[in-house]
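Protein chains in written order, with my numbering: chain A, 1354 to 1650; chain B, 2 to 275. From the three backbone atoms N, C-alpha and C, an ideal C-beta is built for every residue, glycine too. Note that the structure is a prediction, hence the values are computed from the model and not measured.
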């Protein structure tokens, strides 16, 4: 067995290994990613697929929830105006119930109330991004319109859509006009019309005023849905934001480069390469031949 | 093509070897080098004859180089699988190692398996969505193979999109049903995302394993080369020592010859001085 056999092969292999480590470390440092293809870390890659999917879902819910919240805010604002109008209507109606008013005073009140009824009709038909807010699922159709006889009726859908907010929760997308303003025949519009005709025709204004008041109470009670819904959405949005942060961190841990480790690996490989190269040049030169003097004689 | 070139090279070297009687070491070296390169491409069996010629066959005996005749390998790609033919015989199943073996396995086994998974995912997703949608949201795919390429959305006009069962513009019941699919088992009892994650893992694992095997093989080769070098390698020290020894012997012999020569000269000259 030869003692000083050629070590070229193993030295060459060591050089190539050192260079491979350097290449890998450089790639990791420059790209900032430890996992750039599945074989770099198969289970991390699989986890990244799941992570990406969940992040996409969260983004999608976040956008949907933001849009829904704007919708609720718009509805609430419209209803707030309705409440103001209706409060004034009650006050006018009560005034109208006062027996001491003259006929022309009553006509004047009736006209004001008519104006209020028109306002409330317009507010009831509020749109958000081109869709009617209080029509239920038939949001391309105005919820309230006057029929042939001039009576304002609800002609929207009986139900609203249910929306997935994420985090396993669902929420109704609003309240239908008939729940808010009252069913056809006993709605706020009917009550307002009632006061107007009572004032015009010497009817029982006091009773009509009471009907308007009842409508107002009902509206205020139903309106609470929107405030509650906005709070609920804020809660869900906050929860989703937290979850997304967690997912983002997880993604970093799974795929992000460990710069410290990569730099260490790179430095070590460079040192190793330098050492092997130096050893290579020394060893390959050394043999008895270097020490032989050319023979004399 | 590389393999075929090497086979021809070996055949030519065999011819040269036969002509030189099998004793020319430079030809032997070149034969060894060609055989080594060839074995990196596919699995072969090698027999060195006493006349200096190298016979090369596949592992199960199909002849590749006989004396100075080389056969050539043909590659045939047919849709489902690739074949390696030797003089018309299918030798694909005999080749599992080497670069050619690896390529064949990737082409015939690994890639089709991956493709099948993607096809299944595409097909299952399409039918699940179409069922939830209650119509053809995706173009309906009748068979699984080829689904991944064929997948296409059938509803391209947003106005035609059915969002709800009742048909009312604000009804989102169908949308909710389709959206719910993301957490439901849609492919092979798992959700679409999970199935994809499994595919990614399987691929990464296979590649990582192949890489590990490759690294291990390299380590073994390095070891074996060292061992071979230890047994048959040239030690410069040994040869230098031998060289010195023979040089001294030569000097000594030369010295003896010149001494004998001068003695003979003296002896011959003795006679002529009288």
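(message) Taking a contact to mean a Cβ-Cβ separation below 8 angstroms, would you say residue 170 of chain B touches residue 1491 of chain A in this structure?
(response) Cβ atoms of residue 170 of chain B and residue 1491 of chain A: closer than 8 angstroms.
(message) Restricting to runs no shorter than 4 residues, where is the alpha helix (DSSP H) found entirely within the stretch 107-189 of chain B?
(response) DSSP runs (the alpha helix (DSSP H)) wholly in the stretch 107-189 of chain B: 112-134, 148-151, 174-181.
(message) Check whether chain A comes within 8 angstroms of residue 172 of chain B, counting only Cβ atoms and requiring the distance to be less than that.
(response) In terms of beta-carbon proximity, residue 172 of chain B lines the interface with chain A, with at least one pair separated by less than 8 angstroms.
(message) Taking only three categories from DSSP, how would you classify residue 1492 of chain A?
(response) It is coil, neither helix nor strand.
(message) Between which two residues does the alpha helix (DSSP H) holding residue 1578 of chain A run?
(response) Unbroken alpha helix (DSSP H) run through residue 1578 of chain A: 1558-1608.
(request) Within 10 angstroms of the Cβ of residue 1588 of chain A, are there 16 or more other Cβ atoms? Answer buried if so, exposed if not. (result) With fewer than 16 other Cβ atoms within 10 Å, it is exposed.
(request) Could you say if the stretch 1492-1510 of chain A and the stretch 147-159 of chain B meet the contact criterion of at least three C-beta pairs nearer than 8 angstroms? (result) The stretch 1492-1510 of chain A vs the stretch 147-159 of chain B: no contact.
(message) Can you pull the chain B neighbours of residue 1484 of chain A, defined as C-beta to C-beta under 9 angstroms?
(response) One finds 170, 171 in chain B with Cβ atoms closer than 9 angstroms to the Cβ of residue 1484 of chain A, taken in chain order.
(request) List the residues of chain A whose Cβ lies closer than 7 angstroms to the Cβ of residue 125 of chain B, in chain order. (result) Under the 7 angstroms cutoff, chain A gives no residues; its nearest Cβ is about 16 angstroms from residue 125 of chain B.
(request) List the endpoints of the continuous alpha helix (DSSP H) containing residue 223 of chain B. (result) Here the alpha helix (DSSP H) through residue 223 of chain B covers 193-233.
(message) For the stretch 1526-1548 of chain A, list every residue whose C-beta sits within 7 angstroms of some C-beta in chain B, in sequence order.
(response) Flagged: no residues at all.
(message) By DSSP's criteria, residue 47 of chain B is part of a beta bridge. Which residues make up the other side?
(response) B:57.
(message) Between residue 76 of chain B and chain A, is the shortest Cβ-Cβ distance under 8 angstroms, so that the two count as touching?
(response) With 8 angstroms as the cut-off, residue 76 of chain B does not count as an interface residue toward chain A.
(request) Going by CA-CA distance only, name the one from B:118, B:166, B:138 that's closest to residue 150 of chain B. (result) Residue B:118 is the option with its Cα nearest to residue 150 of chain B.
(request) Please list the partners that residue 1410 of chain A has in chain B, where partner means a Cβ-to-Cβ separation under 7 angstroms. (result) The answer, in chain order, is 183.
(message) Using C-beta distances below 8 angstroms, list every residue in its chain close to residue 266 of chain B, excluding the 5 sequence neighbours before and after it, in chain order.
(response) Residues of the same chain with a CB within less than 8 angstroms of the CB of residue 266 of chain B, apart from the 5 flanking positions on each side, do not exist.
(request) Assuming residue 63 of chain B contacts residue 36 of chain B (C-beta within less than 8 angstroms), just tell me the rounded distance between them. (result) About 17 angstroms; that fails the 8 angstroms criterion.
(message) With three or more C-beta pairs closer than 8 angstroms as the rule, is the stretch 1533-1550 of chain A touching the stretch 1560-1578 of chain A?
(response) Output reads yes: the stretch 1533-1550 of chain A touches the stretch 1560-1578 of chain A.
(request) Confirm, please, whether the CB-CB distance from residue 1626 of chain A to residue 1366 of chain A is below 8 angstroms. (result) Residue 1366 of chain A places its beta carbon 8 angstroms or farther from that of residue 1626 of chain A.
(message) According to DSSP, residue 85 of chain B sits in a beta bridge with which residue or residues?
(response) Secondary-structure assignment with DSSP links residue 85 of chain B through a beta bridge to B:76.
(message) I need the boundaries of the alpha helix (DSSP H) containing residue 1530 of chain A, first residue and last residue.
(response) Unbroken alpha helix (DSSP H) run through residue 1530 of chain A: 1530-1534.
(message) So that I know if they touch, is there some Cβ in chain B lying closer than 8 angstroms to that of residue 1443 of chain A?
(response) Cβ-Cβ to chain B under 8 angstroms: no for residue 1443 of chain A.
(request) Counting only the same chain and skipping the five closest in sequence on each side, list residues whose C-beta sits under 6 angstroms from that of residue 1446 of chain A. (result) Counting only residues of its own chain and dropping the five nearest sequence neighbours on each side, residue 1446 of chain A has a CB closer than 6 angstroms to the CB of 1548, 1562, 1565.
(message) Counting only C-beta atoms, is residue 204 of chain B closer than 8 angstroms to chain A at any point?
(response) By this cut-off, residue 204 of chain B is an interface position.
(message) By alpha-carbon positions, which one of A:1540, A:1489, A:1528 ends up nearest to residue 1505 of chain A?
(response) Answer by Cα proximity: A:1540.
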